[in-house]
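A short write-up of the structure that comes next.
Protein chains in written order, with this note's numbering: chain G, 1 to 346; chain H, 1001 to 1346.
Okay, structure coming up:
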């Protein structure tokens, strides 16, 4: 063999083994990831509340409907705005009559995959959450379910729409059906992301930095809580396992979390582990919105949950991975429906 | 000729003359209408604020942006919701810190065709309106323009977006440019309706009832004020020419209208004549939202402006005509943009 040819051969072999090595690394990373995460399903249907087109479309109208609130200013979309990925960008939401909510508004996107709703798990499902919001003072603020339903009943169009969505009921405009319709709509709001594409076999869906971040996320222990289809949303955990959370977040108030729901000392500072889907699009962070940026939130979590101080490079990679959880806004969420008006009735 | 054939011929001639008579009537109605109305243009561009793609897109983001308000709850879209055809369905809007606005929020759709903005004409243009809203207490509620701009400047993404929309300026994040960007976006929000199709020559665009309503609208005098491309929005007029308006509307307060702006006795109870485009989609009606339905509003107008009591049939026809002014929501309005987030910056 002449020298240039031998050199080319060696070079070719080297490139090949690098490429094959990279591919093997991707396969190995994917296998590890598939063990702890799952790609998003097509929807989040449940046997308790079957998704019919009439129910989902009614739920979509009701999601954008402010006229069922006590002062006419609050719809689901007020605190869960499409333009802000289903959040309001506030540390704590402000609802009916300008009342402050006790905690940060999480995104409604992919919310149906969580095992319970609300930061303290005191709502069992998206349906339960939507129904009880009607009478929560800092949410829709109505004095009773009946007063909220009376407002809806007075808007021409809704009686027919409810009757179609809930056939065979004498009076279908009820708070339970309000929750079922909005819940059904919410169960359609899935946001498949580059990470799902990677899980399904597309090596190019994640950048090298995101892949490094995913590796870290699994290695350093984030995955202990943030796992499954929601990358979180599947269990409760104490916020501040290693260190009091408020020392790292600078929170102005100490929230006792699930303890205030159960009075069980084991629940002190326990919250639902939030799903991290679309987390890059939904600052500020934590139950009290006390941290403004994702890199800062990542540092806080490593410190108070895992007792680790991350390097700048680790933070950047983890943020790249978390950004790969940003999906596409569903069309039926980004695009507002045309609500019924009272115009044509005398 | 045998009898059946003769009968057929007579019948054919009769149908033909009815059809031709109807066509002639349509032509005549269209000619009358073209004398007083105009079809919507493609956009509402102005030499003062040229529509560039970068400016319009920035304006669209800012339209949906709540973070520039004093409490983070008010965007243009809060009181001018896409799902409610650019209104909030309230008699009077509720803005920052739950402050009540003095008057009803008109739709932003086609608003740029009006000769002035606001019910009393105290905003010269959509740009002027958008800028001044930043510091109006019941609107965005900021203590100063500078404090509002500081909020925008702190959101990664906006400095670049403003620089692109307003090239060659050292600091382009200004209240004036906020108004220009939102104004440019608003000037793209046109909603061509069945009435525009009729004006352009499509006889089938209007129902017989809508055609009868259009004829009445011109004959009984509505057109004296509601004319031009906006079917209104081109002049001032006293509300209550024949009779005090509050006696017909049941308004709880008497608004002196433009008088409070100019102190000119000739301006007592004078308001801008609103554009009637999309009027069927934007209850409640009048400057104070005192009337809930369109038929009731039509009766009030006939009574206090023209001294007429309309029959039920006349009201129904007029409402049919007004419903033909409902256009299609522009895609860039119905669909929310993805706002910049603070996520990825450390």
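Just so it is clear, CB atoms sit at the ideal spot from N, CA and C, and this is done for glycine as well.
Note to self: So if I threshold CB-CB distances at 8 Å, which residues from the stretch 1083–1111 of chain H count as touching chain G?
What the structure shows: Taking 8 Å as the Cβ-Cβ cut-off against chain G, the residues of the stretch 1083–1111 of chain H that qualify are 1083, 1084, 1085, 1088, 1089, 1090, 1094, 1097 and 1098.
Margin query: Let me confirm a value: residue 1311 of chain H is counted as buried when at least 16 other C-beta atoms fall within 10 Å, else exposed. Which label applies?
Written below: Classification for residue 1311 of chain H: exposed.
Next item on the list: Return the bridge partner residues of residue 1081 of chain H from the DSSP annotation.
Entry: Per DSSP, H/1087.
Checklist line | Residue-level contact to chain H via CB, residue 346 of chain G, 8 Å cutoff | finding: A caution first: residue 346 of chain G carries a pLDDT of 34, below 50, which makes its placement in the model unreliable, though a value can still be read off. At least one chain H Cβ lies under 8 Å of residue 346 of chain G.
Checklist line | Partner residues on chain G for residue 1064 of chain H, Cβ-Cβ distance less than 8 Å | finding: Going along chain G in sequence order, the residues near residue 1064 of chain H (Cβ under 8 Å) are 81 and 83.
Checklist line | Residues of the stretch 1141–1173 of chain H with Cβ closer than 7 Å to any Cβ of chain G, in chain order | finding: Of all residues in the stretch 1141–1173 of chain H, none has a Cβ within less than 7 Å of some Cβ in chain G.
Notebook entry, point to check: Does the separation of the CB atoms of residue 230 of chain G and residue 114 of chain G fall below 8 Å?
Noted result: Going by C-beta atoms, residue 230 of chain G is nearer than 8 Å to residue 114 of chain G.
Note to self: Which residues in chain H have a C-beta closer than 7 Å to the C-beta of residue 71 of chain G? List them in chain order.
What the structure shows: What residue 71 of chain G touches in chain H: 1094.
Check: On the three-state DSSP scale, how would you describe residue 1310 of chain H?
Finding: The answer is coil: DSSP assigns residue 1310 of chain H none of H, G, I, E or B.
Checklist line | At least three beta-carbon pairs within less than 8 Å, the stretch 266–278 of chain G to the stretch 232–240 of chain G | finding: With the cut-off at 8 Å, the stretch 266–278 of chain G and the stretch 232–240 of chain G touch.
Next item on the list: Could you tell me whether any Cβ in chain G is nearer than 8 Å to the Cβ of residue 1347 of chain H?
Entry: One cannot answer for residue 1347 of chain H here, as it falls past the ends of chain H, which runs 1001 to 1346.
Next item on the list: Report the residues of the stretch 1194–1227 of chain H with a CB closer than 7 Å to any CB of chain G, ordered along the chain.
Entry: Of all residues in the stretch 1194–1227 of chain H, none has a C-beta nearer than 7 Å to a C-beta of chain G.
Note to self: With three or more beta-carbon pairs closer than 8 Å as the criterion, would you say the stretch 1214–1229 of chain H touches the stretch 1029–1036 of chain H?
What the structure shows: Short answer: they touch.
Next item on the list: Please decide whether residue 335 of chain G counts as near chain H, where near means a Cβ-Cβ distance under 8 Å.
Entry: Yes, residue 335 of chain G lies at the interface with chain H (some Cβ there is under 8 Å from its Cβ).
Next item on the list: Taking C-beta pairs closer than 9 Å, name the residues in chain G that residue 1186 of chain H reaches, listed in chain order.
Entry: Under the 9 Å cutoff, chain G gives no residues; its nearest Cβ is about 17 Å from residue 1186 of chain H.
Check: What did DSSP end up calling residue 1346 of chain H once you bin it into helix, strand or coil?
Finding: Reliability of the predicted coordinates at residue 1346 of chain H is poor, the pLDDT of 35 falling under 50, and the value obtained from them is presented with this limitation in mind. DSSP places residue 1346 of chain H in coil when its eight states are reduced to three.
Note to self: Pop quiz: residue 1175 of chain H and residue 1149 of chain H are said to be a contact at Cβ under 8 Å. What is the actual Cβ separation, rounded to whole angstroms?
What the structure shows: Right, their Cβ atoms sit about 6 Å apart.
Note to self: Just to confirm my understanding: we take residue 1054 of chain H, look at its own chain, exclude 5 residues before and 5 after, and list those with CB closer than 7 Å. What are they?
What the structure shows: Taken in chain order, the residues that qualify are 1164 and 1165.
Margin query: If distances are taken between C-alpha atoms only, which option among G/258, G/307 and G/248 comes closest to residue 292 of chain G?
Written below: The candidate whose alpha carbon is nearest that of residue 292 of chain G is G/248.
Note to self: At 4 residues or longer, what runs of the alpha helix (DSSP H) sit wholly inside the stretch 227–290 of chain G?
What the structure shows: Within the stretch 227–290 of chain G, the complete alpha helix (DSSP H) runs of at least 4 residues fall at 245–249 and 259–262.
Notebook entry, point to check: Say the cut is 7 Å; is the CB of residue 257 of chain G nearer than that to a heavy atom of the ligand PLP?
Noted result: Of the ligands one can find in the structure shown there are none, so the ligand PLP has no counterpart to examine.
Check: What's the gap between the Cα of residue 1071 of chain H and the Cα of residue 1141 of chain H?
Finding: About 8 Å.
Margin query: Does residue 1346 of chain H pass the burial test, meaning 16 or more other C-beta atoms within 10 Å, or should it be called exposed?
Written below: At residue 1346 of chain H, the pLDDT of 35 sits below 50, so the modelled position is not reliable; the number obtained from the coordinates is stated separately. That one is exposed.
Notebook entry, point to check: DSSP beta-bridge partners for residue 1037 of chain H?
Noted result: Answer is H/1228, bridged to residue 1037 of chain H.
Check: Could you give the distance in angstroms between the alpha-carbon of residue 332 of chain G and the alpha-carbon of residue 190 of chain G?
Finding: Distance between the alpha carbons of residue 332 of chain G and residue 190 of chain G is about 11 Å.
Margin query: Excluding the 5 residues flanking residue 1435 of chain H on each side, which residues of the same chain have their C-beta closer than 8 Å to its C-beta?
Written below: No statement about residue 1435 of chain H is possible, as the shown extent of chain H runs from 1001 to 1346 and does not include it.
Check: Counting pairs of beta carbons, one from the stretch 77–90 of chain G and one from the stretch 251–270 of chain G, are three or more of them closer than 8 Å?
Finding: Between the stretch 77–90 of chain G and the stretch 251–270 of chain G there are fewer than three inter-stretch CB-CB distances shorter than 8 Å, so the stretches are not counted as touching.
Margin query: For residue 1147 of chain H, report the span of its alpha helix (DSSP H) as first-last.
Written below: Counting along the chain, the unbroken alpha helix (DSSP H) around residue 1147 of chain H starts and ends at 1145–1153.
Next item on the list: With a cut-off of 8 Å on the beta carbons, I'd call residue 108 of chain G and residue 44 of chain G a contact; round off their distance for me.
Entry: Contact annotation, residue 108 of chain G with residue 44 of chain G: C-beta distance approximately 11 Å; criterion of less than 8 Å not satisfied.
Next item on the list: Report all residues from its chain with a CB closer than 8 Å to the CB of residue 1227 of chain H; omit the five preceding and five following residues, and keep chain order.
Entry: Excluding sequence neighbours, residue 1227 of chain H sits near 1036, 1037 and 1234.
Check: Can you find a CB in chain G that lies within less than 8 Å of the CB of residue 1283 of chain H?
Finding: Taking CB atoms only, residue 1283 of chain H has a neighbour in chain G less than 8 Å away.
Notebook entry, point to check: Looking at C-alpha atoms only, which residue of H/1315, H/1313, H/1281 and H/1301 is the closest neighbour of residue 1081 of chain H?
Noted result: Measuring from the Cα of residue 1081 of chain H, the nearest candidate turns out to be H/1281.
Next item on the list: Please check if any C-beta of chain H sits within less than 8 Å of the C-beta of residue 338 of chain G.
Entry: For residue 338 of chain G, the answer is yes, since a Cβ of chain H falls inside 8 Å of its Cβ.
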